[in-house]
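A quick write-up on the structure given underneath.
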Amino acid sequence: MIATNAPPYKLPTDFLWGFATASFQIEGATDADGRGKSIWDDFSKITGKTLDGRDGDVATDSYHRWQEDLDLLVQYGVKSYRFSISWSRIIPSGGREDPVNEAGIEFYSDFIDGLLARGITPFVTLYHWDLPQALHDRYLGWLNKGEIVLDFVRYAKVCFERFGDRVKHWLTMNEPWCISILGYGRGVFAPGRSSDRLRSPEGNSSTEPWIAGHSVILSHAYAVKLYREEFKAKQGGEIGITLNGDWAMPYDDSIQNIEAAQHALDVAIGWFADPIYLGQYPAYMKQMLGDRLPDFTPEELAVVKEAGGEDEFQGHVEYTFTRPDGTQLGTQAHCAWLQDYAPGFRDLLNYLYKRYRKPIYVTENGFAVKDEDKKTVEEALQDDDRVQYYRGVTSSLLAAVKEDGVDVRGYFGWSLLDNFEWADGYVTRFGVTYVDYETQKRYPKDSGKFLSQWFKEHVDNDKPSSIPATIVKVISAAGNSVETKVVHSANVNVPKDAAPKKKGGKGKKAPFARFTAYISAFLGL
Ligand code: BGC
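What the sequence shown shows, in this note's numbering, is residues 11 to 535, in sequence order.
In structure tokens:
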């Protein structure tokens, strides 16, 4: 047994915990039972789009092995499971006039029944990046607000109608920042649009991410409105959105760096959470983008540039993991954008709760051990760095709830299984369960056992929380707490597609903590 070493208090009985996955990352079976293509199907097959040249056609074969996955969840003793529905399994061509695929409905319906039969609460994401290819071909997907909002709402409606009798926790979108910036700005995720003509023949990185993000917010909003008006009373569930963001700490006490840290949070989280919860885009973003920066005088621009990096997608803020004394914040993960820094997790939970005043669910949190893919199965199962990571964040979680009074109601580790890690292919492993891709055999790692044990010890068996269940929820998923420091000038850490750059300069760098937040209340519309 792995010692959990945590403080003696406990989380309430109704605290939900479990693991998360996403349809395209695990299901495979891309041409089974009438499924339509998603934008990742062909994109992942284009040379150079994934690190190992592999695609999502098989993934962890969970479309066929879902019973086995359920057994695994039971083995870990989870209370809940977060998974996503593939839009193009439900409506193969995606659109509001297009037919529903009953085989797709049946698959998820059986899966949901399978969870419930095992006492596991389904936590369902409607959109985890796998847009029906047909909608991209028809009208460029998220770039066409007039069409996509209506199509998404109809898809959501079908899901509420067919699964809402049993699903009480809905997430509309997974991480709109990634959808917009990685898909339409950097062009590293499907559909891969970018101004960089070496990367993509089409796209405009200076306008499209903000248009896509706007459509995502509106689609979320109208789906929430529909749920509230037509389903909530009858079905009694709740609905929210998952946002990712990076905890940012000023590199030092200078005003510029303090502001830069806030700007990083504005662009990572505030872009979506502020309109949804506070009713408007962050002032900094309006200032940053306006009508393509109409409000910036040359002097203002100079200030922005001085306070951070060149990269709009990071809010003109430079990220680094290196402290002023040259030491690293924490253990480096396999992917360049992630280090282990548990205090950042607690700080981010506090920040979100203070700013948005909503209950929080951590919908994802995880760590990819460096070079895990090169290890033998036996070696990989002893994933000490991942155990260490989870040890830190669980203790931060408890401290945030018990010492700081943050209303956190759930926690999902990313991920149940090693799986298709988007542009990284299969070389980056985030699972608490090792998957041998040759045999598809699953092996629980030490980290999975650690979390299982930790939650067994830290969730009260007979004390429900006193919080009324009817409150609209914010769900935050904490990603991977890390930190870096905000800088005056220099390079930018590019999440998921590049390493934090090491630039000497004056040694001023920006704070960073990767975080995934899921927030549900939508105000307005
Ligand atoms: C995404 C997952 C992804 C994980 C690790 C999250 O942002 O929702 O799909 O696999 O991070 O990169």
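Just so you know, even glycine gets a beta-carbon here, dropped at the ideal spot from N, CA and C. The structure displayed is predicted, hence computed values, not measured ones.
Check: For residue 130 and residue 82, I'd like the C-alpha separation in whole angstroms.; Outcome: 12 Å
Check: Less than 6 Å between C-beta atoms, sequence neighbours within five positions excluded: which residues of the same chain meet that for residue 25?; Outcome: 469
Check: If the criterion is Cβ atoms closer than 7 Å, does the pair residue 65 and residue 48 meet it?; Outcome: no
Check: Taking the alpha carbon of residue 142 as the point to measure from, which residue in 125, 276 and 99 has its own alpha carbon closest?; Outcome: 99
Check: Could you check if residue 56 is buried or exposed, using at least 16 other CB atoms within 10 Å of its CB as the buried criterion?; Outcome: exposed
Check: May I have a chain-ordered list of the beta strand (DSSP E) segments no shorter than 3 residues that lie completely inside the segment 128 to 214?; Outcome: 131 to 137 and 179 to 184
Check: Who are the Cβ neighbours of residue 105 in its own chain at under 6 Å, not counting the five residues just before and after it?; Outcome: 161
Check: Return helix, strand or coil for residue 437, following the three-state DSSP convention.; Outcome: coil
Check: Please find out if some non-hydrogen atom of the ligand BGC comes closer than 6 Å to the beta-carbon of residue 157.; Outcome: no
Check: I'd like the span of the beta strand (DSSP E) that includes residue 418, first residue to last.; Outcome: 418 to 424
Check: Between the C-alpha atoms of residue 415 and residue 232, what's the straight-line distance to the nearest angstrom?; Outcome: 32 Å
Check: Check residue 255 in the structure and name its three-state DSSP category.; Outcome: strand
Check: Checking 7 Å against the spacing of the C-beta atoms, do residue 184 and residue 252 come in under that value?; Outcome: yes
Check: Cα separation between residue 223 and residue 213?; Outcome: 15 Å
Check: What are the boundary residues of the beta strand (DSSP E) that residue 30 is part of?; Outcome: 26 to 30
Check: My assumption, with CB atoms under 8 Å, is that residue 114 sits in contact with residue 67. Please give the rounded CB distance.; Outcome: Not quite, the Cβ-Cβ distance comes to about 17 Å (not below 8 Å), so this is no contact.
Check: If residue 421 sits next to residue 27, beta carbons under 8 Å apart, how far is it from one beta carbon to the other, in whole angstroms?; Outcome: 5 Å
Check: Report the three-state DSSP secondary structure of residue 64 (helix, strand or coil).; Outcome: coil
Check: If you count every other CB in all the chains shown that lies within 10 Å of the CB of residue 376, and 16 or more means buried, which is it?; Outcome: buried
Check: Can you tell me whether residue 320 is helix, strand or coil according to DSSP?; Outcome: coil
Check: Count the other C-beta atoms from every protein chain shown that fall within 10 angstroms of the C-beta of residue 413, then say buried if there are 16 or more, exposed otherwise.; Outcome: exposed
Check: Under 7 Å between the Cβ atoms of residue 133 and residue 179?; Outcome: yes
Check: Would the C-beta of residue 283 count as close to the ligand BGC, meaning under 6 Å from any of its heavy atoms?; Outcome: no
Check: Is it buried or exposed, residue 21, if we count other Cβ atoms within 10 angstroms and call 16 or more buried?; Outcome: buried
Check: Output the boundary residues of the alpha helix (DSSP H) element that contains residue 366.; Outcome: 352 to 366
Check: Output the boundary residues of the beta strand (DSSP E) element that contains residue 229.; Outcome: Residue 229 -> not in any beta strand (DSSP E); alpha helix (DSSP H) instead, spanning 218 to 236.
Check: Give a yes or no on whether the C-beta atoms belonging to residue 189 and residue 226 are separated by under 7 Å.; Outcome: yes
Check: In this structure, how does DSSP classify residue 93 when only helix, strand and coil are distinguished?; Outcome: strand
Check: Under the rule that 16 or more other beta-carbon atoms within 10 Å means buried, what is residue 387, buried or exposed?; Outcome: exposed
Check: Would residue 449 be called buried (16 or more neighbouring beta carbons within 10 Å of its own) or exposed?; Outcome: exposed
Check: Residues in its own chain within less than 6 Å of residue 305 by CB, not counting five upstream and five downstream?; Outcome: Only weak support is given to the placement of residue 305: the predicted model assigns it a pLDDT of 35, under 50, and the value that follows is read from those uncertain coordinates. Closer than 6 Å at the Cβ level, and outside the excluded window around residue 305, lie 297.
Check: Is any non-hydrogen atom of the ligand BGC found closer than 6 Å to the C-beta of residue 185, if you look at the structure I gave you?; Outcome: yes
Check: Ends of the beta strand (DSSP E) at residue 370?; Outcome: 370 to 372
Check: The ligand BGC and residue 32: does the residue's C-beta get closer than 6 Å to at least one heavy atom of that ligand?; Outcome: yes
Check: Using 8 Å as the Cβ pair cut-off and three pairs as the minimum, do the segment 154 to 172 and the segment 253 to 263 touch?; Outcome: no
Check: Mind checking whether residue 399 and residue 350 have CB atoms under 7 Å apart?; Outcome: yes
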